[in-house]
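For reference, the structure discussed in these notes is given below.
Numbering (the UniProt record's numbering), first residue to last: 1 to 321.
Rendered as structure tokens:
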């Protein structure tokens, strides 16, 4: 138990270091933007005195490190700053981020379920026709860009003019699960499928490889030779041990899926982080782009830390180090 606590402590100690690194990188990169916050906030007709007063009031003339420190202090209190229109960015993120998280979670959950089934079937039928078919399917899924698949799904299954589908190609109003579960599932099906397919291809290959390696171990042959049914050995031991390796890949796939969700939201007109960052870019609102980028980056860090801790908890060999 002491070894386990030590390993968890190391990962938790690394968390603030990564947070500082990510926030500093995003802040420095965005500071090179040619956009003038004072000009964007006050308009082109603002006088030089008004512009200078705005910069002084918002500490825009302070040194970079001082501005970064002020931003960190605000971030610690949940303040991501304000947009050039005066709206609190934390309020915008609070309404958009849950939507992105929901799409990412549903897409990844679907990918994990499909990949586990396909990977196990491929490993149990190694080098036979089911394995070959699943291998082709996984490669095709892995090579399919999520944004391109989203466009195809809209044409095939969306309610576009002349189409035969019934799923919404444009989400005009976000329906919450608590209000209408059926309507919620109806609106997220196509976006979640577009997110899930590439991750399914990647995870299927990892699950299949891990299962094959585990099936070749001596304890599996000994257990089956001792009269234990193969499905019992696979279900109780092989599958559990084999899924430890895909768990390490899952953290990265969640990050990729979250980045893909930002693009998918724009295609389906979903008011998530993708729409928010698009508004920031088109309006040249550096503060919105910065707030969204930092939020997504911090979420990615936290998710990977959680997955890393889960890996430590489920892997007895790591706990014994």
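Note that beta-carbon positions come from the ideal geometry of N, C-alpha and C, so glycine has one too.
The alpha helix (DSSP H) enclosing residue i, as first and last residue numbers
i           : result
residue 240 : 239-242
residue 44  : No alpha helix (DSSP H) holds residue 44; DSSP gives it neither H nor E.
residue 85  : Careful: residue 85 lies outside any alpha helix (DSSP H) and carries neither H nor E.
residue 34  : Unbroken run through residue 34: none, as it is neither H nor E.
residue 70  : 64-76
residue 129 : 129-142
residue 186 : 181-215
residue 80  : No alpha helix (DSSP H) contains residue 80, which DSSP labels as neither H nor E.
Anticipated Cβ contact below 8 Å, residue i with residue j, distance rounded
i           : j           : result
residue 84  : residue 40  : 4 Å
residue 112 : residue 211 : Going by Cβ atoms, the distance from residue 112 to residue 211 rounds to 14 Å, so no, they are not a contact pair.
residue 334 : residue 279 : Nothing about residue 334 can be read from this structure; the chain reaches only from 1 to 321.
residue 222 : residue 114 : Actually they are not in contact, since the Cβ atoms of residue 222 and residue 114 sit about 32 Å apart, beyond 8 Å.
residue 55  : residue 38  : 5 Å
residue 310 : residue 247 : 6 Å
residue 304 : residue 35  : So it is not a contact: roughly 31 Å between Cβ atoms.
residue 292 : residue 276 : 6 Å
residue 295 : residue 17  : Contact doesn't hold; Cβ gap of about 19 Å is too wide.
residue 27  : residue 68  : 5 Å
residue 272 : residue 108 : Between residue 108 and residue 272 the Cβ distance is about 15 Å, and since that is not below 8 Å, they are no contact.
Where residue i falls: helix, strand or coil (DSSP)
i           : result
residue 268 : coil
residue 226 : coil
residue 175 : coil
residue 145 : coil
residue 60  : coil
residue 253 : helix
residue 231 : helix
residue 284 : coil
residue 126 : coil
Any non-hydrogen atom of the ligand MG within 7 Å of residue i CB
i           : result
residue 294 : This structure simply doesn't include the ligand MG, nor any ligand for that matter.
Residue i - partner residues in DSSP beta bridges
i           : result
residue 158 : 167
Quiz item: Would you say the segment 170-178 touches the segment 254-263, given that touching needs at least three Cβ pairs under 8 Å?
Solution: Not touching, per the Cβ criterion.
Quiz item: Within the chosen definition, does the segment 136-146 reach the segment 222-237 through at least 3 CB pairs nearer than 8 Å?
Solution: Flag = no, the segment 136-146 and the segment 222-237 do not touch.
Quiz item: Does the segment 262-280 come within contact of the segment 206-214, defined as at least 3 CB pairs closer than 8 Å?
Solution: The count of Cβ pairs closer than 8 Å, one atom from the segment 262-280 and one from the segment 206-214, stays below three, leaving the stretches out of contact.
Exercise. Please determine if the segment 18-38 and the segment 68-84 are in contact, where contact requires at least 3 C-beta pairs separated by less than 8 Å.
Key: Result yes; three or more Cβ-Cβ pairs closer than 8 Å.
Exercise. Inspect the CB distances between the segment 186-195 and the segment 98-106 and report whether three or more fall short of 8 Å.
Key: With a cut-off of 8 Å, the segment 98-106 and the segment 186-195 count as touching, because enough Cβ pairs lie within range.
Quiz item: Are the segment 211-224 and the segment 235-254 touching by the rule of at least three beta carbon pairs closer than 8 Å?
Solution: Touching, per the Cβ criterion.
Exercise. Please confirm if the segment 123-138 is in contact with the segment 178-187, defined as three or more CB-CB distances below 8 Å between the two stretches.
Key: The way I'd put it, the segment 123-138 doesn't touch the segment 178-187; fewer than three beta-carbon pairs between them come closer than 8 Å.
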